[in-house]
Structures are given as structure tokens and as C-alpha cells.
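> Numbers 1 to 176, taken from UniProt numbering, label the letters of the sequence shown in order. Ideal placement from N, C-alpha and C gives every residue a C-beta, glycine not left out.
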Amino acid sequence: MTVTYYRAEDFEQIAPQLIEVYAEVYEREAADDPFFTVERFTERLRAHASRPRWGCAFGDVDGEPVGYAYGFARTASYDWHGLITPAPADQLVETDTRTFALCEVMVRAPWRGTGIAHTLHEELMSHRVEERSHLLVEQEHPRVRALYERWGYVPMGVMQPYPDSPRYDSLIRPLV
Numbered sequence: 001m002t003v004t005y006y007r008a009e010d011f012e013q014i015a016p017q018l019i020e021v022y023a024e025v026y027e028r029e030a031a032d033d034p035f036f037t038v039e040r041f042t043e044r045l046r047a048h049a050s051r052p053r054w055g056c057a058f059g060d061v062d063g064e065p066v067g068y069a070y071g072f073a074r075t076a077s078y079d080w081h082g083l084i085t086p087a088p089a090d091q092l093v094e095t096d097t098r099t100f101a102l103c104e105v106m107v108r109a110p111w112r113g114t115g116i117a118h119t120l121h122e123e124l125m126s127h128r129v130e131e132r133s134h135l136l137v138e139q140e141h142p143r144v145r146a147l148y149e150r151w152g153y154v155p156m157g158v159m160q161p162y163p164d165s166p167r168y169d170s171l172i173r174p175l176v
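1. Using a Cβ cut-off of 9 angstroms (strictly closer), state whether His134 contacts chain C.
2. Drop a sphere of 10 angstroms on the beta-carbon of His121, count the other beta-carbons inside from all chains shown, and report buried for 16 or more, exposed for fewer.
3. Alpha carbon to alpha carbon, how far is Ser133 from Val158? Give it in angstroms, no decimals.
4. Going straight from the alpha carbon of Ala15 to that of Glu138, what length do you get?
5. Give the DSSP-derived three-state secondary structure of Met1 in the structure shown.
6. Would the beta-carbon of Tyr5 fall within 9 angstroms of that of Phe58?
7. One question on the structure: do Val38 and Ala30 come within less than 9 angstroms of each other, judged by their Cβ atoms?
8. Report the residue ranges of all alpha helix (DSSP H) runs contained in full by the segment 104-173; include only those spanning at least 4 residues, in chain order.
9. Which residues does DSSP pair with Thr99 in a beta bridge?
10. Helix, strand or coil, according to DSSP, for Val66 in the structure here?
11. Just the C-alpha distance for Gln13 and Pro86, rounded to the nearest angstrom, thanks.
12. Quick one: what does DSSP say Asp60 is sitting in, helix, strand or coil?
13. Per DSSP, which residues does Leu83 bridge with? Please list them.
14. By how many angstroms is the C-alpha of Ala117 removed from the C-alpha of Glu94?
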């Protein structure tokens, strides 16, 4: 597998492939829940890519996309909207370099269970200057949460970042 790191200035070049992989990976969810449609994902993806220090680790095998991980840097003005459970105040303080928001880690079905998700995650993290990484995992996916916990993430609370989104377990992991 070849992993390429992309930045915001590369977004338009890579966006069609990101959307294509998402459409395949989330096909079932999108059929049942408007939040997961390709259109809604594309809106979120474009919003994320416009945020500071957006980065994406994209994997392919012989030119065929297999998956990616992407996210952006939280700014000092981030307000932790959607946090349902209380968290210690010191965990909610942001600077422009404290938290990397890991938005997506996804791998196409034929390559799942091969370690590719971890490889993409670690490549993405190797480019980060932030102190910690934060991600959300659907509460209905305990196996995925367990995977992230094996990667060093610990629970922070529960979030619902959009009114029509599922509730997510909020996890953090130090990067430095």
C-alpha cells in the first residue's frame, strides 16, 4: 500500500476519491439515515477541509483507493458544542495547537482487518503538531470503539455534534 499525505491546498484534487470511498463504505447507513447520505457527508467534508491545518492520509494499492483518515486542528475559539456529558473544564480548554479533530478513518471492505486503518491513522498523526487527538465513534459500534482504545484513546464523554446526528462516544489520545 502507498500512503500519501494531503493538505488543504490538495483538497480539490483528492475530494472526488474521498467521496467515492465514503459512498461505498456508508452505502447501507445512507439508505437508512439522511445524516449519512453522500450529500451531507460532502457538506461536512468541505467544511472540515476549510478548517486550519486540514490533513488527510490516503491509502491506495496499485492505484486503487483502499481508505483514508482525515481531520483538522481545533482553534482556541472551539466551544465543544454538542457535548452531552460533563467533562472536566481543563479538558475543554483549547488553543490553536492543543487538539486535532480526527473526523474520519475509513477502509473499504476488502481491506478491513489488515491493519490499514491503523497505518493510515498513524501516518496522519505523524504529521500533527497538536498535543492530542480527539475523535467520535458511534455508540452503536462498540468494536470500533475497542479498536480506538487499543490505539490509546480514552473516553471523554458523549457528544451529538449535529441535531440529526447519532450520539457518539468522545475519545481523546495524547500525541506528544
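On the basis of the coordinates in this document:
1. Looking for chain C here will not work: only one protein chain is present.
2. Residue numbering aside, residue 121 sits at position 121 when the sequence shown is read from its first letter. The residue is buried, with at least 16 neighbouring Cβ atoms inside 10 Å.
3. Residue numbering aside, residue 158 sits at position 158 when the sequence shown is read from its first letter. Residue numbering aside, residue 133 sits at position 133 when the sequence shown is read from its first letter. Whole-angstrom Cα-Cα distance: 16 angstroms.
4. Translated into the one-based positions of the sequence shown, residue 15 becomes position 15. Translated into the one-based positions of the sequence shown, residue 138 becomes position 138. Cα-Cα distance, rounded: 24 angstroms.
5. Along the sequence shown, read from residue 1 onward, the residue named residue 1 stands at position 1. Correct three-state label for Met1: coil.
6. In the sequence shown, residue 5 corresponds to position 5, counting from 1. In the sequence shown, residue 58 corresponds to position 58, counting from 1. Yes. Within cutoff.
7. What you label residue 38 is simply residue 38 of the sequence shown in a count that begins at 1. What you label residue 30 is simply residue 30 of the sequence shown in a count that begins at 1. A contact, by the Cβ cut-off of 9 angstroms.
8. 116-126 and 142-150
9. Taking the first residue of the sequence shown as 1, we reach residue 99 at position 99. According to DSSP, Thr99 bridges with Arg132.
10. By 1-based counting over the sequence shown, the position of residue 66 is 66. Strand at Val66.
11. Position 13 of the sequence shown, counted from the start, is the residue given in the question as residue 13. Position 86 of the sequence shown, counted from the start, is the residue given in the question as residue 86. Roughly 40 angstroms separates the two Cα atoms.
12. Locating residue 60 in the sequence shown gives position 60, counting from the first residue. In this structure, Asp60 counts as strand in the three-state DSSP scheme.
13. Working through the sequence shown from its first residue, we reach residue 83 at position 83. Paired residues: Met159.
14. The residue you call residue 94 lines up with position 94 of the sequence shown. The residue you call residue 117 lines up with position 117 of the sequence shown. Taking the straight line from one Cα to the other gives about 27 angstroms.
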